[in-house]
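Mind the numbering: the sequence shown is residues 1 to 209 in full-length UniProt numbering, read in order. Think of the CB as a built atom: it goes at the ideal place given N, C-alpha and C, for glycine as much as any other residue. Written below as structure tokens is the structure these notes are about.
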Amino acid sequence: MSLDMWLAWLAACWLISLTPGAGAIASMSSGLKHGFWPGYWNVVGLQLALLLQILVVALGVGAVLVASETAFSLIKWAGVLYLLYLAWKQWQAVPSDLQPAAADAAPVSIARLIGNGFVVNSSNPKAIVFMLAILPQFLDPTQPLVPQYSLMAFTMVATDMIVMAGYTGLAARVLKYLRTPRQQRYLNRSFAAMFAGMASMLSLVNRTH
């Protein structure tokens with residue numbers, strides 16, 4: 001991959017990451033609820049799913065997914081249901097859930113935070129279709145593909161981790177300004193509405209649009 005091509009890919013990665021989506025909403029929700037460092041484990045899960053999506057495309061499995069209406073629909077509706085579940089959990093969250101954890105409180109489950117991020121990203125089949133459409137445009141077919149895919153994956157993950165750190169950190173800073181239960185409840189339900197909105201958007205996508 002030439003330097004010019006890599007710079008173009010880097011610009012595309014920033015554009016993709018900065019576009020708000022389910023991952024950004026999950027990152028902000030995690031930052032609000034757990035603070036920056038615990039909440040950032042959610043971002044690790046997002047990146048593991050992103051690496052899986054790139055691997056699927058690199059192996060050619062993405063083409064099978066695009067061709068199979070059944071496979072696409074199964075993954076899509078699983079994602080819709082999970083986002084609706086997150087919306088319900090966020091709507092039901094009590095105001096105290098957004099308060100900083102006490103010193104003697106049980107630690108946040110890292111595995112659960114990583115798993116949440118992984119499911120949010122991996123259950124979006126449109127991401128596979130998008131990757132399948134955009135990644136080959138930055139590849140040089142005359143050069144070995146594995147190093148190119150590796151560099152592209154590293155670039156995208158590094159970029160996304162920086163952007164998601166911004167979303168998580170911004171939300172974590174908001175935490176100290178949530179003084180009343182009414183404010184916390186309003187924010188909880190705002191995120192619930194955003195998760196539900198992303199579920200609605202995902203339910204409308206198909207393999208070609």
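| query | result |
| --- | --- |
| Within the stretch 10 to 50, ranges of the beta strand (DSSP E) (whole runs, at least 3 residues) | none |
| Residue range of the unbroken alpha helix (DSSP H) whose run includes Gly155 | Strictly speaking, residue 155 in this sequence is Thr, with Gly absent from that position. Its alpha helix (DSSP H) spans residues 145 to 174. |
| Exposed unless 16 or more other CB atoms sit within 10 angstroms - verdict on Gly60 | exposed |
| Reduced DSSP secondary structure (H/G/I, E/B, other) of Pro141 | coil |
| Distance CB(Leu202)-CB(Asn116) smaller than 8 Å | no |
| Closest by C-alpha distance to Phe130, when choosing among Val56, Met164, Gln148, Asp4 | Val56 |
| Thr142, buried or exposed, once every other Cβ within 10 Å from all chains shown has been counted against 16 | exposed |
| Whole-Å CB distance - Asn121 paired with Leu46, under 8 Å assumed | 5 Å |
| Closest residue to Phe36 among Leu204, Leu113, Met194 (Cα-Cα distance) | Leu113 |
| Length of the line joining the Cα atoms of Leu48 and Met161 | 11 Å |
| Rounded C-alpha distance that separates Ile54 from Ala192 | 29 Å |
| Top-ranked residue by Cα proximity to Met28, from Val163, Pro181, Gly197 | Val163 |
| Assigned exposure category for Phe154 - 16 Cβ within 10 Å defines buried | exposed |
| Candidates Gln92, Val119, Ala58, Ala111: closest to Lys76 by CA position | Val119 |
| Exposure label - Pro38; buried when at least 16 CB within 10 Å | buried |
| Distance between Leu145 and Ala199 (C-alpha atoms, nearest Å) | 35 Å |
| Cβ shell of Leu10 (< 8 Å), same chain only, five flanking positions each side left out | Thr155, Thr159 |
| Member of Tyr85, Ala111, Cys13 whose CA lies at the smallest distance from the CA of Leu50 | Cys13 |
| Test item: CB-CB of Thr168 and Ser68 under 8 Å | no |
| Exposure label - Ser17; buried when at least 16 CB within 10 Å | buried |
| Ser2 in three-state terms, based on DSSP | coil |
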